[in-house]
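The next block holds one structure in the form of structure tokens; read it before the comments.
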Amino acid sequence: MIPDGRGRVRLEYRIPARGLIGFHTERDRAHFLGAVEAVLGIGATAHGVLTLDGHVTKVVVTPIGIDADAFTAQAIRASRRVATKRMVESLAGRALMVGVDRLDYTKGLPARLDAYGRFLSTYPEHRRQISFLQVAAPSREEVDRYRALREELNYKTGAINGAYSDFDWVPLRYMNRTVSRSLIAGFYRTARIGLVTPLRDGMNLVAKEYVAAQNAADPGVLILSRFAGAAAGLQEALKVNPIDIDSVAEAINRALIMPLDERQARHVALLERVRAASASVFCQTFTAALTT
Numbered sequence: 181m182i183p184d185g186r187g188r189v190r191l192e193y194r195i196p197a198r199g200l201i202g203f204h205t206e207r208d209r210a211h212f213l214g215a216v217e218a219v220l221g222i223g224a225t226a227h228g229v230l231t232l233d234g235h236v237t238k239v240v241v242t243p244i245g246i247d248a249d250a251f252t253a254q255a256i257r258a259s260r261r262v263a264t265k266r267m268v269e270s271l272a273g274r275a276l277m278v279g280v281d282r283l284d285y286t287k288g289l290p291a292r293l294d295a296y297g298r299f300l301s302t303y304p305e306h307r308r309q310i311s312f313l314q315v316a317a318p319s320r321e322e323v324d325r326y327r328a329l330r331e332e333l334n335y336k337t338g339a340i341n342g343a344y345s346d347f348d349w350v351p352l353r354y355m356n357r358t359v360s361r362s363l364i365a366g367f368y369r370t371a372r373i374g375l376v377t378p379l380r381d382g383m384n385l386v387a388k389e390y391v392a393a394q395n396a397a398d399p400g401v402l403i404l405s406r407f408a409g410a411a412a413g414l415q416e417a418l419k420v421n422p423i424d425i426d427s428v429a430e431a432i433n434r435a436l437i438m439p440l441d442e443r444q445a446r447h448v449a450l451l452e453r454v455r456a457a458s459a460s461v462f463c464q465t466f467t468a469a470l471t472t
């Protein structure tokens, strides 16, 4: 929304036409309502109801979710696939950290790689004990800014591997291509750490999928950007500022040394939250808001 005459006209035209506007987080709803009041001078009720020229629009929070049990089952099946078993064998007993994103500047990938490099520098005792798999699916390859991002990530990958690799260990495996969802589910289940550090995200279902994929007997740890929408509902994740590479490096260290009982307790709580905010609950909540 642009706070000028043209933006006001566009917003005034669209708001009356919508009986319901939904956001994934309370933060986003509050920002929207604040913008409406600042630009149009229209205040909402305590329940998020806007009235303009006799038209009433409800603004609600309906967090999108996943089918956690279905994704758990998919991850279990995927863990038995040949490709997943090859991945596990290639780790040679090392911990796997995984990140899965579109190649997009909002995902904070350069800072994420910088944080991993800082981790290897600050905590040398973990070298050779961890392997980081970062999948960055191609996106908008015709746009110069995205091509520049790809080149930057290629450079940073080479710098990290050049500085820390050994003849039988590569610290960073970077894949700039699309990987099937079923195979990713197997990687999630195998991973000791899920690294989800966008600069800003409306929700981010990767975080929820990682939680659902875990083996409850030996679960991994979710490291999550506090600026992802999912952070509001996943309190037991390790929260980080994605551009504070020292704090991300410290979180990786903490995740690696976290005792099993703490990992299990965090996972039980996180999985309960993911199940409670499922895709079906999202549909039911939004549909109910439409009819009331």
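Residue numbers (the working numbering): 181 to 472.
Virtual Cβ for every residue (Gly too), placed ideally from N, Cα, C.
Residue i by DSSP, collapsed to three states: which one?
i: histidine 550; result: With the chain running from 181 to 472 in the structure shown, residue 550 is simply not present.
i: glycine 374; result: strand
i: glycine 214; result: helix
i: alanine 253; result: helix
i: isoleucine 182; result: A caution first: isoleucine 182 carries a pLDDT of 45, below 50, which makes its placement in the model unreliable, though a value can still be read off. Looking at isoleucine 182 - three-state DSSP - the assignment turns out to be coil, as it is neither helix nor strand.
i: glutamine 481; result: The shown model of the chain, from 181 to 472, leaves out residue 481, and the question about it has no answer.
i: methionine 383; result: coil
i: serine 319; result: coil
How long is the line joining the alpha carbons of residue i and residue j, rounded to whole angstroms?
i: leucine 289; j: glycine 223; result: 38 Å
i: phenylalanine 203; j: threonine 302; result: 40 Å
i: tyrosine 193; j: phenylalanine 462; result: Here the model assigns tyrosine 193 a pLDDT of 47, short of 50, so the residue's position is not dependable, and the following value carries that caveat. Approximately 28 Å between the Cα atoms of the pair.
i: alanine 393; j: methionine 383; result: 18 Å
i: alanine 343; j: valine 359; result: 27 Å
i: threonine 465; j: glycine 273; result: 44 Å
i: leucine 232; j: histidine 211; result: 19 Å
i: glutamate 331; j: arginine 260; result: 34 Å
i: lysine 265; j: phenylalanine 367; result: 10 Å
i: arginine 443; j: valine 268; result: 20 Å
i: histidine 447; j: alanine 456; result: 14 Å
i: valine 477; j: serine 427; result: With the chain covering 181 to 472 only, the question about residue 477 has no answer from this structure.
i: lysine 419; j: arginine 292; result: 14 Å
i: threonine 467; j: threonine 225; result: 21 Å
i: arginine 369; j: alanine 255; result: 6 Å
i: glycine 338; j: alanine 316; result: 15 Å
i: aspartate 398; j: aspartate 208; result: 35 Å
Tell me, to the nearest whole angstrom, how far the beta carbon of residue i is from that of residue j; I am working on the premise that it is less than 8 Å.
i: methionine 417; j: leucine 436; result: The sequence given here places alanine at residue 417; methionine does not occur at that position. Between leucine 436 and alanine 417 the Cβ distance is about 15 Å, and since that is not below 8 Å, they are no contact.
i: asparagine 433; j: histidine 306; result: 7 Å
i: glutamine 314; j: tyrosine 354; result: 5 Å
Counting only the same chain and skipping the five closest in sequence on each side, list residues whose C-beta sits under 6 Å from that of residue i.
i: leucine 271; result: Ser311
i: isoleucine 364; result: Val280
i: leucine 375; result: Met277, Gly279 and Ile403
i: arginine 325; result: none
In the DSSP assignment, find the alpha helix (DSSP H) that holds residue i and state where it starts and stops.
i: alanine 339; result: 324-344
i: leucine 283; result: Premise fails: leucine 283 is in no alpha helix (DSSP H) and is neither H nor E.
i: valine 428; result: 425-437
i: serine 458; result: It is not in any alpha helix (DSSP H) - serine 458 carries neither H nor E in the DSSP assignment.
Under 8 Å Cβ to Cβ from residue i, same chain only, skipping five residues before and after it: list those, please.
i: aspartate 294; result: Lys336 and Ile425
i: isoleucine 246; result: Leu385, Lys388, Glu389, Ala392, Val454, Ser458 and Ala459
i: leucine 156; result: Residue numbering for the chain in the displayed model covers 181 to 472; residue 156 lies beyond these limits and cannot be assessed.
i: arginine 308; result: Arg274, Asp346 and Trp349
What does a CB cutoff of less than 7 Å around residue i pick up in its chain, not counting 5 residues either side in sequence?
i: valine 240; result: Leu200, Gly202, Gly228 and Ala469
i: arginine 380; result: Thr286 and Phe407
i: alanine 410; result: Met383, Asn384, Ala387, Lys388 and Leu404
Go to residue i, then tell me how far its beta strand (DSSP E) extends in each direction, as first and last residue.
i: tyrosine 354; result: 352-355
i: valine 239; result: 235-241
i: valine 359; result: First-last for valine 359: undefined, no H or E at that position.
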